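**Student:**
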């Protein structure tokens, strides 16, 4: 009996729609029947989780995009869980006893994850079906009553009471139906021969086998049983074991031996020769996984096994003899699949944040990571970790991992992290997987501009052009965008009581410093300023640097002659006596230069002279000296033009004229000197210096003369005493004026700065001898030392 779709849905909904929320440790559970219409109510998940409906949108209330998200959806306005699309339990879970669709509810601010399950209840929407609409059996007439014939089982993809619950056979006096339920819950139908067959009376039978489920309403399916009665071969093959059991790992390669089944037939000849094969009860998919050798009964692996898909397999084996008619014996093979660690962990990242600011404090949540392994036991237990060289760590949270920051970040050091998350299971050998998460670090204004140098020295040549660029300071800021935009300014306001803006200006954009005026080295040699670099961040950061401005000298000042000063409008006058000899210092040219360095280094040279060979000038000292003795034939008036130049480029110079007058005799010299002294026009500072020098020299000379006379007198006194002590041998007739007289010597001295000849009176040395009788009372007679009449007294 078939129901209209809408009526069937209402009946099913009334029978199976059960919503039983059960919140345990952040989990909820619901139950819904399969085939429920799209949009049907499942449960009020917001209420069951204790969430505020008004905050669902703000907290980004959502369903994780996995299996649960495919079939379920939630409403942000009411927090209700509803069906997204039609659910076919058989397609999702096959014939599993329990069909669960897991889902995850994620809310943020703060981040919370709730796990839930929706159990899909079976609905009797499938009828039992037989693989073949006709079941053909051949039975020998000699077969004894009580023999059972295994019938094909019907398949019903439903589960529980909705699957095949009973078999029924149409009425027959020869046959009856026996059913039994295996440990797996499968009902096996067998045809029992109740009465001996007689092919001559009835050679064939046609029965109807009906399979019925226990659903409400119940569904059924039929198959015809066509029985042909044959003669002879009345012993069926019998297997050594009614049930064979074995196991093998899921990674067993193709051709792996599983087991060997064996059946025995009491007949002889062809009736005892057996051929093994899978019976029709064995599912088609099993045929792709296992093979059975017809002659030997060996079962081998044919296709890839997967423990995660099925952990056990049931094979129905039959042995058919070669008799006529052939008789079949049946047995069951149960194969258990052993799990092998063949599934690497899967890493799923939800709620990913791909950019965080660099001032994010440690412990800040970044993203949620879920690690799943489809294996079981230790093969499905997973560990997860991050590289050690990243400022992040994992925090375990209810089968999930939270990725959080572990230390302060610095975008200038690392602007982006590619975090490789490693997950491995505890199987042997262990399997692992990696997933890379990219996290960009956004900039924060945490770096002040930095100058390349601690201080700068700017060298500017004086007489520079106003408005020209003299230097550029540059500061770098490792931040980004406006945090790295640098502007420049001066911190000082004044330089030497003048406003800084009268000297310099700075371009705020590129740090170029311009001179607003022409500098003069003789007025300002150096000054110091401070330049500030400031970024455009919020709040702005700044730093400063010292800039020393050093003015370089330029040869812009000619030498200035300070001595001798001109005694007339055109020349300085110097008077020399005719007796002045070679090397005599006439005068000294003294000049100064306001420049410095090589620009102030001066050189002297004669550029014009009345007698070019009579005078010389020191190149570095400026001293004018007589190169040879002055002759009476030389002109009495000598004119010298002295050039004083500096060492600058180009060189600057000045000249001075010196008029030298040569006196013929001392009288003329004294007269002229007296006249010059009386004339205040010719009395200069140099004359005053010369007078002082001459006076000091004369005084020193006189002191030396007196000192020498005193020393000589002391020496003569000592000699006289020696003569007195030895003169007692003189005769009375000897002369008392025996004195040796030294010829008179006259010497002439010339001293620098004294313009006349000094004659020293001649000096005489005397020796005195006294007789013993007149040693105390006679007068001394002095005679020149060394005269012919001088005689020794002893």
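Numbering (my numbering), first residue to last: 550 to 1343.
Here a beta-carbon is modelled for each residue, glycine too, at the ideal position from N, C-alpha and C.
Because the structure is a prediction, the values reported are computed rather than measured.
Please report the straight-line C-alpha distance between residue 998 and residue 1060, rounded to a whole angstrom.
**Tutor:** Locating residue 998 in the chain shown gives position 449, counting from the first residue. Locating residue 1060 in the chain shown gives position 511, counting from the first residue. The alpha-carbon atoms of residue 998 and residue 1060 are separated by roughly 13 Å.
**Student:** Using the Cα positions of residue 955 and residue 941, report the straight-line distance between them to the nearest angstrom.
**Tutor:** As a first step, residue 955 is located in the chain shown; it is residue number 406 there, counting from the start. As a first step, residue 941 is located in the chain shown; it is residue number 392 there, counting from the start. If you take the alpha carbons of residue 955 and residue 941, they lie about 5 Å apart.
**Student:** Relative to the alpha-carbon of residue 849, which residue among 856, 857 and 797 has its alpha-carbon at the smallest distance?
**Tutor:** Reading the chain shown from its first residue, position 300 is the one you call residue 849. Among 856, 857 and 797, the Cα nearest to that of residue 849 belongs to 797.
**Student:** Output needed for residue 1017: all residues of its chain with C-beta closer than 8 Å, excluding positions within five of it in sequence on either side, in chain order.
**Tutor:** If you number the chain shown from 1, residue 1017 lands on position 468. The answer, listed in chain order, is 1063 and 1064.
**Student:** Could you compute how far the alpha carbon of residue 722 sits from the alpha carbon of residue 743?
**Tutor:** Along the chain shown, one-based indexing puts residue 722 at 173. Along the chain shown, one-based indexing puts residue 743 at 194. Distance between the alpha carbons of residue 722 and residue 743 is about 7 Å.
**Student:** Distance, Cα to Cα, residue 987 vs residue 677?
**Tutor:** Numbered from its first residue, the chain shown carries residue 987 at position 438. Numbered from its first residue, the chain shown carries residue 677 at position 128. Whole-angstrom Cα-Cα distance: 54 Å.
**Student:** Return the residue from the list 1101, 746 and 651 that minimises the CA-CA distance to residue 694.
**Tutor:** If you number the chain shown from 1, residue 694 lands on position 145. Residue 694 has its Cα closest to that of 746, out of 1101, 746 and 651.
**Student:** Measure the C-alpha to C-alpha separation of residue 1303 and residue 1185 and round it to an integer number of angstroms.
**Tutor:** Locating residue 1303 in the chain shown gives position 754, where the first residue counts as 1. Locating residue 1185 in the chain shown gives position 636, where the first residue counts as 1. For residue 1303, the pLDDT reaches just 36, beneath the cut-off of 50, and the residue's location in the model is therefore unreliable, leaving the point undetermined.
**Student:** Out of 1137, 1101, 619 and 1177, which one is the CA nearest neighbour of residue 1146?
**Tutor:** For the purposes of this step, residue 1146 is taken as residue 597 along the chain shown, with counting starting at 1. Ranking 1137, 1101, 619 and 1177 by Cα distance to residue 1146 puts 1101 first.
**Student:** Going straight from the alpha carbon of residue 893 to that of residue 1091, what length do you get?
**Tutor:** Locating residue 893 in the chain shown gives position 344, where the first residue counts as 1. Locating residue 1091 in the chain shown gives position 542, where the first residue counts as 1. If you take the alpha carbons of residue 893 and residue 1091, they lie about 54 Å apart.
**Student:** Return the first residue and the last residue of the beta strand (DSSP E) that residue 896 is part of.
**Tutor:** Here residue 896 corresponds to residue number 347 of the chain shown, with the count starting at 1. Per DSSP, residue 896 belongs to the beta strand (DSSP E) from 895 to 899.
**Student:** Nearest CA to the CA of residue 655: which residue from 680, 600 and 980?
**Tutor:** Counting from 1 along the chain shown, the entry for residue 655 is found at position 106. Cα-wise, what sits closest to residue 655 is 600.
**Student:** How would you write the range of the alpha helix (DSSP H) that residue 835 sits in, first residue to last?
**Tutor:** By one-based count along the chain shown, residue 835 stands at place 286. Looking at the DSSP string, the run of the alpha helix (DSSP H) that includes residue 835 is 833 to 836.
**Student:** If you compare alpha carbons, which of 771, 1138, 761 and 1068 is closest to residue 1008?
**Tutor:** Your numbering for residue 1008 matches position 459 in the chain shown. Of 771, 1138, 761 and 1068, the smallest CA-CA separation from residue 1008 is found for 1068.
**Student:** What residue ranges within the stretch 984 to 1014 form continuous beta strand (DSSP E) runs of no fewer than 3 residues, ordered along the chain?
**Tutor:** Secondary structure within the stretch 984 to 1014: the beta strand (DSSP E) runs of 3 or more consecutive residues, fully enclosed, are 1004 to 1010 (chain order).
**Student:** Do you know how far the Cα of residue 1256 is from the Cα of residue 1321?
**Tutor:** Walking along the chain shown from the start, residue 1321 turns up at place 772. Walking along the chain shown from the start, residue 1256 turns up at place 707. Residue placement at residue 1321 is poorly supported in this model, since its pLDDT is 40, which falls under 50; the coordinates still yield a value, given next. Rounded to whole angstroms, residue 1321 to residue 1256 spans 33 Å at the Cα level.
**Student:** Could you tell me which uninterrupted alpha helix (DSSP H) segments, each at least 4 residues in length, are contained entirely in the stretch 614 to 643, listed from first to last along the chain?
**Tutor:** Entirely contained in the stretch 614 to 643, the alpha helix (DSSP H) runs reaching 4 residues are, in chain order, 616 to 620 and 638 to 642.
**Student:** Report the three-state DSSP secondary structure of residue 1049 (helix, strand or coil).
**Tutor:** The residue you call residue 1049 lines up with position 500 of the chain shown. Helix.
**Student:** By the 10 Å Cβ neighbour count, where 16 or more other Cβ atoms means buried, how is residue 1088 classified, buried or exposed?
**Tutor:** Stepping through the chain shown from its first residue, residue 1088 is reached at position 539. By the neighbour-count rule (16 or more Cβ atoms within 10 Å), residue 1088 is not buried but exposed.
**Student:** Per DSSP, which residues does residue 879 bridge with? Please list them.
**Tutor:** Here the question's residue 879 lines up with position 330 in the chain shown. Bridge partners of residue 879: 867.
**Student:** Measuring straight from C-alpha to C-alpha, what distance separates residue 785 and residue 870?
**Tutor:** Taking the chain shown and counting its residues from 1, the one referred to as residue 785 is at position 236. Taking the chain shown and counting its residues from 1, the one referred to as residue 870 is at position 321. Answer to the nearest angstrom: the Cα atoms are 8 Å apart.
**Student:** Name the two residues that bound the continuous beta strand (DSSP E) containing residue 922.
**Tutor:** Here the question's residue 922 lines up with position 373 in the chain shown. Note, residue 922: premise wrong, no beta strand (DSSP E); not H, not E.
**Student:** Under a Cβ-count criterion, where at least 16 other Cβ atoms within 10 Å of its own Cβ denotes burial, should residue 799 be classed as buried or exposed?
**Tutor:** If you number the chain shown from 1, residue 799 lands on position 250. So residue 799 counts as buried.
**Student:** Alpha carbon to alpha carbon, how far is residue 951 from residue 899? Give it in angstroms, no decimals.
**Tutor:** Locating residue 899 in the chain shown gives position 350, where the first residue counts as 1. Locating residue 951 in the chain shown gives position 402, where the first residue counts as 1. Roughly 10 Å between the two C-alpha positions.
**Student:** Would you kindly check if the distance between the Cβ of residue 949 and the Cβ of residue 975 is under 7 Å?
**Tutor:** As a first step, residue 975 must be located in the chain shown, where it is residue number 426. As a first step, residue 949 must be located in the chain shown, where it is residue number 400. Against a cut-off of 7 Å, the Cβ pair of residue 949 and residue 975 comes out as no contact.
**Student:** Find the nearest neighbour of residue 620 within the set 604, 641 and 608, judged by alpha-carbon distance.
**Tutor:** The sequence position of residue 620 within the chain shown is 71, counting from 1. Looking at the Cα atoms, 641 is the closest of the given residues.
**Student:** Name the DSSP beta bridge partners of residue 829, please?
**Tutor:** If you number the chain shown from 1, residue 829 lands on position 280. Its beta-bridge partners do not exist; DSSP assigns none.
**Student:** Considering only residues of the same chain and omitting the five flanking positions on each side of residue 728, which have a CB-CB separation below 8 Å?
**Tutor:** Working through the chain shown from its first residue, we reach residue 728 at position 179. Answer for residue 728: 715, 716, 736, 737, 738 and 739, listed in chain order.
**Student:** Name the DSSP bridge partner or partners of residue 762?
**Tutor:** Taking the first residue of the chain shown as 1, we reach residue 762 at position 213. According to DSSP, which records beta bridges pairwise, residue 762 is partnered with 713.
**Student:** Is the beta carbon of residue 781 sitting closer than 7 Å to the one on residue 754?
**Tutor:** The count along the chain shown starts at 1 and reaches residue 781 at position 232. The count along the chain shown starts at 1 and reaches residue 754 at position 205. In this structure, residue 781 sits away from residue 754, with a CB-CB distance that is not shorter than 7 Å.
**Student:** Checking the sheet assignment: what are the DSSP bridge partners for residue 1136?
**Tutor:** Taking the chain shown and counting its residues from 1, one reaches residue 1136 at position 587. Answer is 1173, bridged to residue 1136.
**Student:** Helix, strand or coil for residue 1265? Go by DSSP, reduced to three states.
**Tutor:** Along the chain shown, read from residue 1 onward, the residue named residue 1265 stands at position 716. Residue 1265 falls in the helix class under three-state DSSP.
**Student:** I'd like the span of the alpha helix (DSSP H) that includes residue 859, first residue to last.
**Tutor:** Against the chain shown, residue 859 aligns to sequence position 310. No alpha helix (DSSP H) holds residue 859; DSSP gives it neither H nor E.
**Student:** Please state the DSSP three-state secondary structure of residue 1063.
**Tutor:** Numbered from 1 along the chain shown, position 514 holds the residue referred to as residue 1063. In this structure, residue 1063 counts as strand in the three-state DSSP scheme.
**Student:** Thinking C-beta only, is residue 882 closer than 7 Å to residue 825?
**Tutor:** Translated into the one-based positions of the chain shown, residue 825 becomes position 276. Translated into the one-based positions of the chain shown, residue 882 becomes position 333. Their beta carbons are not under 7 Å apart, which means residue 825 does not touch residue 882 by this criterion.
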